[in-house]
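**Q**
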Amino acid sequence: MVPMENYLVLSGIIFSLGVYGVLARRNAVLVLMSVELMLNAVSLNFVAFSAYRIPSSADATGIIFAVFVIAVAAAEVGLALAIVIRLFRNRSTANVDEAATMRW
Amino acid sequence: MRDFTLFIPEYIAIAGAIAILATELIWPKIRKDYLAYATAAGALGWLVAAIPYIGDTAGDFEGVLLADDFTTYFRILAAGIVMAIALISAHYMRDRTSTAGEYYGLLLVAGTGMVLMAASRELLTAYISLELLSFSLYILVGYFKRDRLSNEASLKYILLGAFSSAMLLYGISLIYGVTGTTSYEGIAEALAAREGGTDAATVVGIMLIVAGVGFKVSAAPFHMWAPDAYQGAPLPITAFLSTASKAAGFALILRLFTGALVVDAVEWRAVIAALAAITMTAGNLLAIQQSNLKRLVAYSSIGQVGYMLVAIAAIGYGDAATAESASSALLLHIVGYTVSTLALFTALTAHYNRTGDDTIAGLRGLAETQPFLALVITASLFSFAGLPFFAGFATKLLLFQASTTDGLLWLVGLAAANSFVSLYYYLMVMRQMYLFDPPEGQTRFRPAPLLGALAGLLLLGVLFIGVYPQPAFEATDRAASALFEVSASGLLRLP
């Protein structure tokens, strides 16, 4: 069986890539995709912890949590894309740097 | 136990939300201020339905939600906030939009999210409730879809909000991995039963949770979204952001930190104390240079969050008695701050409906054109600054007094010094109103009777809490003791 550490390292790498994407990408859609990466890392973590739980019992909290994370992430993306479209209609750009009328 | 009667007030709120959405769907030409009054009536029904729950025995729903005095306290607060915001919005929204059903419906949904955040005692439920509130707020902030500032505000808010949720969730997943459970009591027991003290996963998990909830209550350095979201949002939503979302964030923090994480207080208390110090200093210093009123209020509310975090730090540093009195004082400060903010925004909305100007210079000569509004604004700003006879004085005094422990004297001193700084920029606003003549062509006007009456009522509330805080204090005491009754098992402190 694959040791649990492998899953945790993988999820750590995916999460870090997501954080990097949020900080480095300037297009709002790509920022959202990076947030999705972070959420996928979370789901992976939950499923791994749930599967390797000691003592392993019928506790499905981690799996249920992962399902909820997926559902909430879908809703979040739907909402965020709607807002990005509004911004694009008003300003013809989806670049987060150009949407900076307000600062400080 | 599945006791569905525990959340009857919230059923009323949600039914009201659906009814308002349906009304506008069936009857699109309805006058939009009628929807506001319907929302206020729904919120009133919600509040009245909550009253029988005061002092009732705590009811547990399947171990995920708890309806005790703490929940009831936030229930009444949420219903009151929604009612006030609906009334403030009535004329403002009627003049600016052709569809308002979603706006008022989402106000009630957001209020329900706030109550559920206060009621949750399990991480998944707490997270879903948090997102219920946040999603409603993302939409409400961007409600003026043709307005560039409103779009920009909601984009920044949702991107940073989603980022912070992901961090919060990663923290939750690590805590789940360490403890094997998501219920607060289970976490407290598992953390207390660990051998060998701290481990890296718990520390990283707690730090990520602190960062996630820090984003939600806009604690510096996670506050970047707040001024933009406040400025771009419709004016009543700015008031809602600075009252409901802060109160809800602290409700969740209080339940989580007193119920689950208090066992590991050594790991987070210094971080919370540092956050509090940075938040209050950054908020108050950045507020000085603002020229837009909404941004000024945003930074001033960040400063207030700093004071509130002092109480959370005190829960980590003090013993059980200190923690309970600090929680009670925090709840009292939240209610004083909420009433003052609502009074301020009622007056600002009345002014904005007339002038359409949300800069500080736009208040020029208000004492002459509308002395009553100027008085309400002055009173609420004095209350923020913590001057005697206003709500802010009594609540801030009790907050600092309750939070004073040996480890935190420096922080309380810093908070007192920050109050002086804040007085400076509040006085700059008052200077505009009282020392300058109104601009050419501005004549004396009367505010809408509804807003005038609401402002008067809230002004009385500010003075009442300031002069005679006893009734409010008893209510917060009950709420705080309910909080600690539940988490009695969570108070197994490490030496």
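Keeping their order, the protein sequence lines are chains A and B. Be aware that the first sequence starts at 1, since it is given in this note's numbering, and climbs by one per residue. Be aware that the second sequence starts at 1001, since it is given in this note's numbering, and climbs by one per residue. The beta carbon of each residue, even a glycine, is placed where N, CA and C say it ideally should be. Note that the coordinates shown come from a computational prediction; the quantities given were computed from them, not determined experimentally.
#1: For the stretch 1123 to 1137 of chain B, which residues have a beta carbon sitting closer than 7 Å to at least one beta carbon of chain A?
#2: Can you give, in chain order, each stretch of the beta strand (DSSP E) that sits fully within the stretch 8 to 85 of chain A and has at least 3 residues?
#3: Quick check on DSSP: helix, strand or coil for Asp1319 (chain B)?
#4: Tell me where the alpha helix (DSSP H) around Asp1060 (chain B) begins and ends.
#5: Taking Cβ-Cβ distances shorter than 9 Å, what residues in chain A pair up with Glu1185 (chain B)?
#6: Among B:Val1421, B:Gly1161, B:Leu1155, which residue has its Cα nearest to the Cα of Gly1232 (chain B)?
#7: Looking at Leu1044 (chain B) and Gly1101 (chain B), is the spacing between their C-beta atoms short of 8 Å?
#8: Taking 7 Å as the cut-off, is the C-beta of Lys1246 (chain B) nearer than that to any heavy atom in the ligand NAD?
#9: Going by DSSP, what residue range makes up the beta strand (DSSP E) through Ala992 (chain B)?
#10: Give the DSSP-derived three-state secondary structure of Glu1152 (chain B) in the structure shown.
#11: Select from B:Gly1318, B:Ser1481, B:Tyr1337 the residue whose C-alpha is nearest the C-alpha of Ala1402 (chain B).
#12: Do the CB positions of Gly12 (chain A) and Ser34 (chain A) come within less than 8 Å of each other?
#13: At 4 residues or longer, and completely inside the stretch 1349 to 1416 of chain B: list those alpha helix (DSSP H) runs for me, N to C.
#14: Mapping DSSP to helix, strand and coil, what is Ser92 (chain A)?
#15: According to the neighbour-count rule (16 or more other Cβ atoms, all chains shown, within 10 Å of its Cβ), is Ala1453 (chain B) buried or exposed?
#16: Does the beta carbon of Ile83 (chain A) come closer than 8 Å to any beta carbon on chain B?
#17: Looking at Leu1168 (chain B): is its Cβ nearer than 8 Å to the Cβ of Val1213 (chain B)?
#18: For the alpha helix (DSSP H) that Leu1035 (chain B) lies in, which residues bound it at each end?
#19: Residues of the stretch 1461 to 1476 of chain B with a CB closer than 8 Å to any CB of chain A: list them in chain order, please.
#20: In chain B, which residues lie less than 9 Å from Met102 (chain A) when you measure between Cβ atoms?
#21: For a cutoff of 8 Å on Cβ pairs, would you count Arg1493 (chain B) as touching chain A?
#22: Buried or exposed for Gln1289 (chain B), please, with buried defined as at least 16 other CB atoms from any protein chain shown within 10 angstroms of its CB.
#23: In angstroms with no decimal places, state the Cα-to-Cα distance between Ile14 (chain A) and Tyr1170 (chain B).
#24: Taking Cβ positions only, does Ala51 (chain A) come closer than 8 Å to chain B?
#25: At 7 Å on the CB atoms, spell out the chain A contacts of Phe1535 (chain B), in chain order.
#26: Output yes if chain A places a C-beta closer than 8 Å to the C-beta of Thr1181 (chain B); else output no.
#27: Among B:Ala1086, B:Ser1242, B:Leu1463, which has the Cα closest to the Cα of Phe1389 (chain B)?
#28: Is Val67 (chain A) close to chain B? Criterion is C-beta to C-beta, closer than 8 Å.
#29: Answer with buried or exposed for Leu1025 (chain B), where buried requires no fewer than 16 other C-beta atoms within 10 angstroms of its C-beta.
#30: Leaving aside the five residues before and after Ala1287 (chain B) along the sequence, list all residues of the same chain whose C-beta is less than 6 Å from its C-beta, in chain order.
#31: Which residues does DSSP pair with Ser1120 (chain B) in a beta bridge?
#32: What did DSSP end up calling Phe1325 (chain B) once you bin it into helix, strand or coil?
#33: So, with DSSP's three-state summary, where would you put Ser961 (chain B)?
**A** Considering the structure as presented:
#1: Leu1124, Ile1128, Glu1131, Phe1135
#2: none
#3: coil
#4: First-last for Asp1060 (chain B): 1059 to 1061, but that is the beta strand (DSSP E), not the alpha helix (DSSP H).
#5: Neighbours of Glu1185 (chain B) on chain A: none; closest Cβ ~14 Å, over 9 Å.
#6: B:Leu1155
#7: no
#8: As far as ligands go, the structure on display features none, and thus does not contain the ligand NAD.
#9: This structure cannot settle anything about residue 992 (chain B), because the visible part of chain B is limited to 1001 through 1495.
#10: helix
#11: B:Gly1318
#12: no
#13: 1366 to 1369, 1371 to 1385, 1391 to 1403
#14: coil
#15: exposed
#16: yes
#17: yes
#18: 1032 to 1050
#19: none
#20: Leu1149, Glu1152, Ala1153, Lys1156, Pro1227, Asp1228, Gln1231, Gly1232, Asn1292, Arg1295
#21: Below a pLDDT of 50, predicted positions are generally treated as unreliable, and Arg1493 (chain B), at 41, falls in that range; the measurement from the model is reported next regardless. No, because no Cβ of chain A sits closer than 8 Å to the Cβ of Arg1493 (chain B).
#22: exposed
#23: 11 Å
#24: no
#25: Since the displayed chain B opens at 1001 and closes at 1495, residue 1535 (chain B) lies outside it and no answer follows.
#26: yes
#27: B:Leu1463
#28: no
#29: exposed
#30: Leu1296, Tyr1299, Ser1300, Tyr1425
#31: B:Leu1065
#32: The residue asked about is misnamed: residue 1325 (chain B) is Ser in this sequence, not Phe. Here Ser1325 (chain B) sits in helix by DSSP.
#33: No statement about residue 961 (chain B) is possible, as the shown extent of chain B runs from 1001 to 1495 and does not include it.
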